[in-house]
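Trainee: Going down the list, the protein sequences come from chains A and B.
Mind the numbering: the first sequence is residues 3 to 656 in the numbering used here, read in order.
Mind the numbering: the second sequence is residues 2 to 285 in the numbering used here, read in order.
Let me give you the structure first, and then I'll get to my questions.
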Amino acid sequence: MTVESVFAQLEPLLPRVSKPVQYVGGELNATLKPWEETNVRWALMYPDAYEVGLPNQGIMILYEVLNEVPDVLAERTYAVWPDLAALMRENGVPQFTVDAHRPVKAFDVLGVSFASELGYTNLLAALDLAGIPIHAKDRTIDDPIVLAGGHAAFNPEPIADFLDAAVLGDGEEAVLEITDIIRDWKAEGCPGGRDEILTRLAETGGVYVPRFYDVTFRDSDGQIDSVSPNRERIPDRVFKRTTMDLDAWPYPKQPLVPLAETVHERASVEIFRGCTRGCRFCQAGMITRPVRERSIEGIGAMIQTSLEASGYEEVGLLSLSSADHSEIGELAKGLADRYEGTNTGLSLPSTRVDAFNIDLANELSRNGRRSGLTFAPEGGSARLRKVINKQVSEEDLIRTVSASFEAGWRQVKLYFMCGLPTETDDDVLQIAYMAHNVIREGRKASGRKDVRCTISIGGFVPKPHTPFQWAAQCDPETIDERLRKLRAEVNSDKSLGRNIGMRYHDGKPSLIEGLLSRGDRRIGRVIERVWREGGLFDGWSEHFSYQRWIDACVAELEPQGVNVSWYTTREREEHEILPWDHLDSGLEKEWLWADWLDALDEQEQDDCRWTPCFDCGVCPAMNTDIQVGPTNGKVLIPITPVTPGTPVTNPALT
Amino acid sequence: MQKIRLRYTKRGRLRFASHRDVARAFERALRRAGVPMAYSQGFNPKPKVSWVGATPTGVASEAEYVEISVVRELPTELLRQELNNALPPGLDVLEAVGVPVGAGGGSLPDRIEAGEWRIEVPGVTEDQLAVAVEKLLAADRVEVERLTKDGKRTIDARAAVVSAAVTRTSEKQDCLAAQDAQPATQRHECPGLAGPYGILTVVVRQTSPAVRPDDVLNALCAVASLELPAPARATRLAQGRLDESSGKAGFGGLVDPLAADRVTASPIGQGSEPENGAGCDTSS
Numbered sequence: 003m004t005v006e007s008v009f010a011q012l013e014p015l016l017p018r019v020s021k022p023v024q025y026v027g028g029e030l031n032a033t034l035k036p037w038e039e040t041n042v043r044w045a046l047m048y049p050d051a052y053e054v055g056l057p058n059q060g061i062m063i064l065y066e067v068l069n070e071v072p073d074v075l076a077e078r079t080y081a082v083w084p085d086l087a088a089l090m091r092e093n094g095v096p097q098f099t100v101d102a103h104r105p106v107k108a109f110d111v112l113g114v115s116f117a118s119e120l121g122y123t124n125l126l127a128a129l130d131l132a133g134i135p136i137h138a139k140d141r142t143i144d145d146p147i148v149l150a151g152g153h154a155a156f157n158p159e160p161i162a163d164f165l166d167a168a169v170l171g172d173g174e175e176a177v178l179e180i181t182d183i184i185r186d187w188k189a190e191g192c193p194g195g196r197d198e199i200l201t202r203l204a205e206t207g208g209v210y211v212p213r214f215y216d217v218t219f220r221d222s223d224g225q226i227d228s229v230s231p232n233r234e235r236i237p238d239r240v241f242k243r244t245t246m247d248l249d250a251w252p253y254p255k256q257p258l259v260p261l262a263e264t265v266h267e268r269a270s271v272e273i274f275r276g277c278t279r280g281c282r283f284c285q286a287g288m289i290t291r292p293v294r295e296r297s298i299e300g301i302g303a304m305i306q307t308s309l310e311a312s313g314y315e316e317v318g319l320l321s322l323s324s325a326d327h328s329e330i331g332e333l334a335k336g337l338a339d340r341y342e343g344t345n346t347g348l349s350l351p352s353t354r355v356d357a358f359n360i361d362l363a364n365e366l367s368r369n370g371r372r373s374g375l376t377f378a379p380e381g382g383s384a385r386l387r388k389v390i391n392k393q394v395s396e397e398d399l400i401r402t403v404s405a406s407f408e409a410g411w412r413q414v415k416l417y418f419m420c421g422l423p424t425e426t427d428d429d430v431l432q433i434a435y436m437a438h439n440v441i442r443e444g445r446k447a448s449g450r451k452d453v454r455c456t457i458s459i460g461g462f463v464p465k466p467h468t469p470f471q472w473a474a475q476c477d478p479e480t481i482d483e484r485l486r487k488l489r490a491e492v493n494s495d496k497s498l499g500r501n502i503g504m505r506y507h508d509g510k511p512s513l514i515e516g517l518l519s520r521g522d523r524r525i526g527r528v529i530e531r532v533w534r535e536g537g538l539f540d541g542w543s544e545h546f547s548y549q550r551w552i553d554a555c556v557a558e559l560e561p562q563g564v565n566v567s568w569y570t571t572r573e574r575e576e577h578e579i580l581p582w583d584h585l586d587s588g589l590e591k592e593w594l595w596a597d598w599l600d601a602l603d604e605q606e607q608d609d610c611r612w613t614p615c616f617d618c619g620v621c622p623a624m625n626t627d628i629q630v631g632p633t634n635g636k637v638l639i640p641i642t643p644v645t646p647g648t649p650v651t652n653p654a655l656t
Numbered sequence: 002m003q004k005i006r007l008r009y010t011k012r013g014r015l016r017f018a019s020h021r022d023v024a025r026a027f028e029r030a031l032r033r034a035g036v037p038m039a040y041s042q043g044f045n046p047k048p049k050v051s052w053v054g055a056t057p058t059g060v061a062s063e064a065e066y067v068e069i070s071v072v073r074e075l076p077t078e079l080l081r082q083e084l085n086n087a088l089p090p091g092l093d094v095l096e097a098v099g100v101p102v103g104a105g106g107g108s109l110p111d112r113i114e115a116g117e118w119r120i121e122v123p124g125v126t127e128d129q130l131a132v133a134v135e136k137l138l139a140a141d142r143v144e145v146e147r148l149t150k151d152g153k154r155t156i157d158a159r160a161a162v163v164s165a166a167v168t169r170t171s172e173k174q175d176c177l178a179a180q181d182a183q184p185a186t187q188r189h190e191c192p193g194l195a196g197p198y199g200i201l202t203v204v205v206r207q208t209s210p211a212v213r214p215d216d217v218l219n220a221l222c223a224v225a226s227l228e229l230p231a232p233a234r235a236t237r238l239a240q241g242r243l244d245e246s247s248g249k250a251g252f253g254g255l256v257d258p259l260a261a262d263r264v265t266a267s268p269i270g271q272g273s274e275p276e277n278g279a280g281c282d283t284s285s
């Protein structure tokens with residue numbers, strides 16, 4: 003059987019939509035394979051717009067890992083904007099992949115990567131546009147296995163009705179194992195149909211199949227009564243996957259470079275995975291443990307390959323806290339030396355104040371633009387920073403900022419959260435004083451008046467598998483009121499306030515994100531209703547409708563005896579069964595609870611990368627260990643000869 | 002330092018790229034190909050690349066021009082090949098010409114005064130199109146509305162039109178034959194000869210605001226009350242100064258902007274002879 007491209011039907015629609023280039027594919031380093039020469043076929047979806055989804059590293063890595071297997075095909079698909087979606091419906095064009103424009107329904111697996119919960123309505127839209135039944139129970143042998151991954155997959159319960167399966171944790175090895183299971187099952191003639199393939203996946207213990215678990219709720223308080231497998235061969239708990247040796251998985255080797263403009267116009271190289279700083283609000287830091295560093299040589303090789311394959315002018319050194327790499331100083335210097343004169347910029351997208359120093363910043367900006375510096379104190383007051391375990395002092399921050407202004411920077415960005423547990427108005431107002439101090443000290447250090455500080459504030463959303471999973475989420479009214487007071491305080495001193503920018507959103511989208519983050523299976527009906535009533539692209543303020551979500555909650559949750567505040571602003575009880583308790587991130591629930599109590603007690607917790615193990619439980623549970631340098635004095639090898647203005651030397655042109 | 006002028010295409014699916022998309026892809030290709038670019042000075046150095054009047058998003062082209070500066074003299078044909086290896090298919094450099102030091106003939110923008118467009122109009126017969134063209138040329142002024150980012154704006158689409166003519170069926174057969182020779186990734190869906198299918202060639206002077214193929218089509222629709230059942234497809238075939246000596250502009254009525262450099266350039270700097278644009282928009 004072969005599968006035809008839908009491009010001929012799609013093309014006449016493209017002149018009628020905005021930014022048509024996002025639908026035509028043709029990215030540099032994309033892979034096209036003949037359909038009939040492959041045995042297992044994956045459609046990989048990022049459930050947001052192309053401009054956001056294309057640079058996603060997870061999709062890029064899995065795309066390449068899968069396509070390297072000769073008999074496996076992987077293509078990509080993204081959320082279609084409403085203008086094209088309407089035309090596609092009108093003209094009978096199904097959800098397609100951008101690589102070969104094949105219909106998504108024809109693939110064996112539709113793998114969807116959820117970085118955030120706000121992509122759930124886009125999942126339903128894509129399934130429907132693909133002609134795949136949105137409810138897993140209605141799917142047949144002709145439909146793909148709809149498989150979720152990404153951080154939101156650590157609690158897939160709100161979309162349990164729509165998923166066939168979910169994988170927790172790192173995907174590199176998991177997708178290959180799943181591929182092997184599907185290949186064998188297809189070769190045997192698909193015995194037992196859909197149930198059998200899902201059972202084979204589930205019995206590995208590393209793939210969660212929601213329909214094989216029964217969840218019951220108590221009428222008395224709405225809490226979960228029990229979660230249990232409903233058939234044989236299904237394990238009680240599903241464990242997360244951890245890829246240990248990052249140097250053995252140097253992906254992406256050939257980054258996808260789009261024609262369309264996207265949110266990250268740079269090559270990205272992941273310098274380590276995991277983070278043990280222990281910021282209590284940070285789900286990523288909790289669920290990706292332990293820390294696994296890539297070696298300095300591995301990083302250097304990946305950067306050169308990426309630059310040669312992409313032509314990008316900037317390399318981002320990715321991780322959850324890049325300045326924490328044990329050899330970041332050597333790495334930055336080595337890279338700056340190597341790319342001297344090649345107009346290649348280096349950036350650390352996320353840095354901590356205390357791990358940062360000006361030498362590092364100078365190395366990073368030696369060959370490229372000196373953009374603004376970004377720090378994330380997260381909490382305005384010292385007290386609150388103890389609660390969230392963000393061990394940064396205002397003195398550290400001011401010292402770093404002063405040094406940056408002295409070294410020629412003119413702008414800093416500071417990230418904060420609002421609505422954190424135990425937070426008061428005063429904690430938030432401290433943000434204003436901190437920003438005032440930054441401007442004051444910045445003017446002193448630089449001898450100029452025009453220094454700038456931008457404070458960017460996000461609403462705190464309690465997430466599963468964190469010590470704050472029990473916390474009451476702050477209601478939007480309180481957040482909006484605190485932000486209003488903060489703005490007034492920032493501007494109370496006009497001479498300082500005019501150099502301070504403030505960026506924030508109102509608290510409403512955060513509340514819905516909170517509902518979806520810690521929701522259970524009863525939330526599925528809410529998501530479906532919101533989608534049926536036109537909800538899409540919920541991460542985009544121009545598409546998000548708070549009222550639509552609230553109305554859907556009233557209609558769907560109240561008959562089930564619960565409501566929005568039950569899921570969001572209610573503090574959980576110690577022994578309450580949480581919807582994700584059967585999904586194992588390795589963290590001991592007892593340790594999380596103890597850390598939650600420490601938070602309320604304003605007690606800090608050190609980083610096990612530098613101090614002894616504090617028994618979060620991950621390493622023994624997952625049979626893993628931290629992997630931190632040094633790589634024994636190995637250094638980056640310079641490239642010679644250097645071609646001015648480019649990191650690539652082309653022998654033909656020398 | 003050497004200046005090199007390039008003629009390149011924007012074919013097939015690449016026509017959906019905006020000028021910014023093309024510029025980014027081009028600059029990345031220069032880096033990937035290891036071209037020793039000259040950079041601007043200052044805090045934020047940029048490679049020296051000068052763009053000349055871009056085609057709108059959705060419009061294909063056989064004749065786009067750009068000038069780059071490199072820090073040392075390069076064999077231009079080799080540069081053309083290396084650059085094509087690094088560019089996405091559809092962005093194809095047809096010719097690279099080194100600009101001799103002290104060469105006359107004016108800057109590249111000075112050499113471009115008008116563009117020749119082919120506009121394919123599926124669902125409209127040749128005769129319908131011919132009537133509309135006649136009416137357009139007979140009018141002094143035809144106002145059309147265009148949506149800009151500042152709202153609607155009215156422009157005269159007639160004054161900039163130097164010539165317009167309908168292509169007859171026999172030429173279209175050639176167009177379809179040329180299509181079949183294309184690799185699938187560059188071929189666009191050819192509407193075939195089953196339904197009515199008008200093709201128009203227009204020469205439009207560069208004005209401010211620019212009159213685009215869409216504006217010409219809207220003008221045709223306005224003067225002849227035409228309705229377009231399907232989206233039209235436009236391709237820029239050539240750009241250059243209007244050839245005053247030929248008296249009447251039309252095919253051959255534009256002076257190749259690289260001609261002046263080609264005469265004086267060294268023979269090794271010679272690219273392959275570019276197409277004259279007589280084929281379908283995706284032909285190479």
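Built from N, CA and C at the ideal position, the CB exists for glycine as well.
Everything numeric in this text was worked out from a predicted model, so none of it was measured.
Residues in its own chain within less than 8 Å of VAL637 (chain A) by CB, not counting five upstream and five downstream?
Mentor: Cβ within range, chain order: ILE298, GLU332, GLY336.
Trainee: How about ARG243 (chain B) and ARG8 (chain B): do their beta carbons lie closer than 8 Å?
Mentor: Inspection of the sequence shows that residue 243 (chain B) is occupied by Leu rather than by Arg. For LEU243 (chain B) and ARG8 (chain B), no; Cβs fall outside 8 Å.
Trainee: With TRP52 (chain B) as the anchor, note down where its beta strand (DSSP E) starts and where it stops.
Mentor: Unbroken beta strand (DSSP E) run through TRP52 (chain B): 50–52.
Trainee: Quick check on this structure: which residue in A:HIS103, A:ALA87, A:GLY444, A:ARG91 has the alpha carbon closest to the alpha carbon of VAL26 (chain A)?
Mentor: Comparing Cα-Cα distances from VAL26 (chain A) to each of A:HIS103, A:ALA87, A:GLY444, A:ARG91, the minimum goes to A:HIS103.
Trainee: What residue range does the alpha helix (DSSP H) around GLN3 (chain B) cover?
Mentor: Careful: GLN3 (chain B) lies outside any alpha helix (DSSP H), inside the beta strand (DSSP E) at 3–11.
Trainee: State the CB to CB distance for the pair ALA168 (chain A) and PRO158 (chain A), rounded to an integer number of angstroms; the pair is presumed to be in contact (CB under 8 Å).
Mentor: The pair is a contact, with the Cβ atoms about 4 Å apart (cut-off 8 Å).
Trainee: Note down, in chain order, each residue of its chain lying with its Cβ closer than 8 Å to the Cβ of THR480 (chain A), except the 5 sequence neighbours on either side.
Mentor: Closer than 8 Å at Cβ, skipping near neighbours: GLY421, GLY509.
Trainee: Interface residues of chain B around LEU89 (chain A) at Cβ under 7 Å?
Mentor: Neighbours of LEU89 (chain A) on chain B: none; closest Cβ ~11 Å, over 7 Å.
Trainee: Give me the chain B residues within the contact set of THR245 (chain A), using Cβ-Cβ distance strictly less than 7 Å, ordered along the chain.
Mentor: By Cβ distance, chain B contributes nothing, its closest Cβ being about 29 Å from THR245 (chain A), past 7 Å.
Trainee: Would you report the Cα separation of ARG550 (chain A) and LEU559 (chain A), rounded to the nearest angstrom?
Mentor: Going by the C-alpha atoms only, they are around 14 Å apart.
Trainee: The alpha helix (DSSP H) with LEU309 (chain A) in it runs from where to where?
Mentor: Unbroken alpha helix (DSSP H) run through LEU309 (chain A): 298–312.
Trainee: Identify, in the order they occur along the chain, each residue of the same chain with its Cβ nearer than 6 Å to the Cβ of LEU194 (chain B), setting aside the five sequence neighbours on each side.
Mentor: Residue placement at LEU194 (chain B) is poorly supported in this model, since its pLDDT is 46, which falls under 50; the coordinates still yield a value, given next. So no residue of the chain qualifies.
Trainee: Is there a Cβ from chain B that is less than 8 Å from the Cβ of TYR314 (chain A)?
Mentor: So, interface residue.
Trainee: So what's PRO184 (chain B) in DSSP terms, helix, strand or just coil?
Mentor: Residue placement at PRO184 (chain B) is flagged as unreliable, the pLDDT there being 47, under the threshold of 50; the coordinate-derived value follows with that caveat. The answer is coil: DSSP assigns PRO184 (chain B) none of H, G, I, E or B.
Trainee: Starting from the beta carbon of GLY16 (chain A), find every residue of chain B whose beta carbon is closer than 8 Å, and list them in chain order.
Mentor: Gly is not the amino acid found at residue 16 (chain A); the sequence shown has Leu there. Chain B residues near LEU16 (chain A): PHE17, GLY59.
Trainee: Less than 8 Å between the beta carbons of ASP609 (chain A) and THR290 (chain A), yes or no?
Mentor: No, these two residues do not count as a Cβ contact at 8 Å.
Trainee: Go through its chain and collect everything with a Cβ distance to ALA204 (chain A)'s Cβ below 6 Å, but skip five positions before and after it.
Mentor: Excluding sequence neighbours, ALA204 (chain A) sits near VAL211, PHE214, ILE236.
Trainee: Is the Cβ-Cβ distance between VAL2 (chain A) and LEU56 (chain A) less than 8 Å?
Mentor: Residue numbering for chain A in the displayed model covers 3 to 656; residue 2 (chain A) lies beyond these limits and cannot be assessed.
Trainee: Could you give the distance in angstroms between the alpha-carbon of PRO46 (chain B) and the alpha-carbon of PRO649 (chain A)?
Mentor: Going from the Cα of PRO46 (chain B) to the Cα of PRO649 (chain A) covers about 15 Å.
Trainee: For the alpha helix (DSSP H) holding LYS388 (chain A), just list the boundary residues, first then last.
Mentor: Where LYS388 (chain A) is concerned, the enclosing alpha helix (DSSP H) stretches over 384–390.
Trainee: Quick one: what's GLU144 (chain B) bridged to in DSSP?
Mentor: Note: GLU144 (chain B) sits in a beta bridge opposite B:ASP157.
Trainee: So, is the C-beta of PRO646 (chain A) closer than 8 Å to a C-beta in chain B?
Mentor: Yes, PRO646 (chain A) counts as interfacial toward chain B.
Trainee: Just tell me which of A:VAL100, A:ASP73, A:GLU66, A:ASP85 has its CA closest to the CA of THR79 (chain A).
Mentor: The option with the nearest alpha carbon to THR79 (chain A) is A:VAL100.
Trainee: Flag this pair as yes or no: are the beta carbons of ALA32 (chain A) and LEU258 (chain A) separated by less than 8 Å?
Mentor: Yes; because the gap between Cβ atoms is below 8 Å, this pair is in contact.
Trainee: Just to make sure I have the definition right: I need the residues of chain B whose C-beta is within less than 7 Å of the C-beta of THR651 (chain A). Which are they?
Mentor: Near THR651 (chain A) (Cβ distances below 7 Å), the residues of chain B are GLY35.
Trainee: Pairs of beta-carbons, one from the region 67–75 of chain A and one from the region 137–156 of chain A, closer than 8 Å: are there three or more?
Mentor: Output reads no: the region 137–156 of chain A does not touch the region 67–75 of chain A.
Trainee: At a Cβ threshold of 8 Å, is ALA405 (chain A) touching chain B?
Mentor: So no, ALA405 (chain A) is outside the interface.
Trainee: Interface residues of chain A around ALA231 (chain B) at Cβ under 9 Å?
Mentor: Those are PRO14, listed as they occur along chain A.
Trainee: Does ARG12 (chain B) have its Cβ less than 8 Å from a Cβ in chain A?
Mentor: False, the Cβ-Cβ gap to chain A never drops below 8 Å.
Trainee: Are at least three pairs of beta-carbons, each pair with one atom in the region 80–91 of chain A and one in the region 13–29 of chain A, less than 8 Å apart?
Mentor: Yes: at least three Cβ pairs fall under 8 Å.
Trainee: Can you give the beta carbon distance from LEU80 (chain B) to ALA97 (chain B), rounded, assuming they're within the 8 Å contact cut?
Mentor: That pair is a contact at about 5 Å.
Trainee: Tell me the rounded alpha-carbon separation between ASP249 (chain A) and ARG268 (chain A).
Mentor: C-alpha separation (whole angstroms): 21 Å.
Trainee: Leaving out five residues on either side along the sequence, give the residues of the same chain with a beta carbon under 7 Å from the beta carbon of GLY124 (chain B).
Mentor: Cβ neighbours of GLY124 (chain B) beyond the five flanking positions: GLY196, PRO197, LEU229, PRO230, ALA231.
Trainee: Residues in its own chain within less than 6 Å of PHE252 (chain B) by CB, not counting five upstream and five downstream?
Mentor: Confidence in PHE252 (chain B) is poor, its pLDDT being 46 and thus under 50, which makes the residue's placement too unreliable to answer from.
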